[in-house]
């Protein structure tokens, strides 16, 4: 059960949540209107790598730092919040249904299915000359071996710090304000989706849905480590596996200063 909190902790938590939201929105707007627009125009891999390095550091400091600060303040609520959510009848029923080896088998099956679909899609995309992108993310795909390393680093970093923030820290902070677990998790997932505004409205919707799936995975499994792993693998699929299997960017040396842009087989909607 969640502990009863007075109005003062709720006001303090609300002010902190609003401050974090304002900081995240300001970063999203800047990245959307300035940095990503400029990044899409870059042909030089030196400039692209510099921006990737900047995004990696900013994400680790902003999201990772925010997670640490919020978790230090709300850690006693993390466990009760998860327990209260898991005790809800639909979640409890699902956890019981997936108890034992069934849940693990389904997870492994889903992973193998995604891998198979990725390989089939990669073969088809090579014939078509490009792959369908969900959202405006084509510019993010690495174009040579060196950029692949940055793509891998960004993927692993996102899996760790974004799950720590949006599945652990922010829900624990928001539940102080709302007093109710479902709304806390839903609001955190919505913020997660909104921060991808630079990908266009299709990207925001897709990322919001993915965020809800990560939330469900954490709540049902009770393991933030599993959510981090799946998130990192999901991003690695986009930023490493697809560029390698579809575009063969690992064959392009990092010494090529102006690698050719990668293209989608169907134009993105933004």
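In our numbering, the protein residues as written are 457 to 726. Just so you know, even glycine gets a beta-carbon here, dropped at the ideal spot from N, CA and C.
Check: Counted within 10 angstroms of its Cβ, other Cβ atoms place residue 688 as buried (16 or more) or exposed; Outcome: buried
Check: Coil, strand or helix - residue 613 by DSSP; Outcome: helix
Check: Collapsed DSSP secondary structure at residue 704 in the structure displayed; Outcome: coil
Check: C-beta atoms of residue 676 and residue 568 nearer than 7 Å; Outcome: no
Check: From 570, 484, 625 and 669, residue whose alpha carbon lies closest to that of residue 697; Outcome: 570
Check: Enclosing alpha helix (DSSP H) for residue 690 [first to last residue]; Outcome: 680–692
Check: 8 Å CB neighbourhood of residue 661 in its chain, flanking five on each side removed; Outcome: 649
Check: Those runs of the alpha helix (DSSP H) which lie wholly inside the region 478–528 and span at least 4 residues; Outcome: 492–497 and 501–515
Check: Status (buried if at least 16 other CB within 10 Å, exposed otherwise) for residue 603; Outcome: buried
Check: Own chain partners of residue 645 with C-beta closer than 6 Å, once the 5 adjacent residues on each side are dropped; Outcome: 667, 668 and 671
Check: Residue 679 to residue 709 span [Cα, whole Å]; Outcome: 39 Å
Check: Residue 627 - containing alpha helix (DSSP H), residue span; Outcome: 626–634
Check: Rounded straight-line distance, which links the Cα of residue 510 to that of residue 541; Outcome: 37 Å
Check: 8 Å contact criterion, which residue 595 and residue 495 should meet: CB distance rounded; Outcome: 6 Å
Check: First through last residue of the alpha helix (DSSP H) which encompasses residue 666; Outcome: 656–677
Check: DSSP three-state assignment for residue 555, whether helix, strand or coil; Outcome: coil
Check: Residue 519 beta carbon less than 7 Å from that of residue 619; Outcome: no
Check: C-beta atoms of residue 630 and residue 651 nearer than 7 Å; Outcome: no
Check: Own chain residues within Cβ distance below 7 Å of residue 505, not counting five before or after; Outcome: 602, 603 and 606
Check: CB contact flag (residue 625, residue 467, <7 Å); Outcome: no
Check: Closest residue to residue 713 among 478, 501 and 474 (Cα-Cα distance); Outcome: 501
Check: Exposed unless 16 or more other CB atoms sit within 10 angstroms - verdict on residue 711; Outcome: exposed
Check: Contact belief for residue 695 with residue 611 at Cβ below 8 Å, rounded distance in angstroms; Outcome: 5 Å
Check: When 553, 460 and 632 are compared against residue 530, the one with the closest alpha-carbon; Outcome: 632
Check: Cβ shell of residue 480 (< 6 Å), same chain only, five flanking positions each side left out; Outcome: 651
Check: Boundaries (first-last residue) of the alpha helix (DSSP H) holding residue 648; Outcome: 637–650
Check: Test item: CB-CB of residue 512 and residue 637 under 7 Å; Outcome: no
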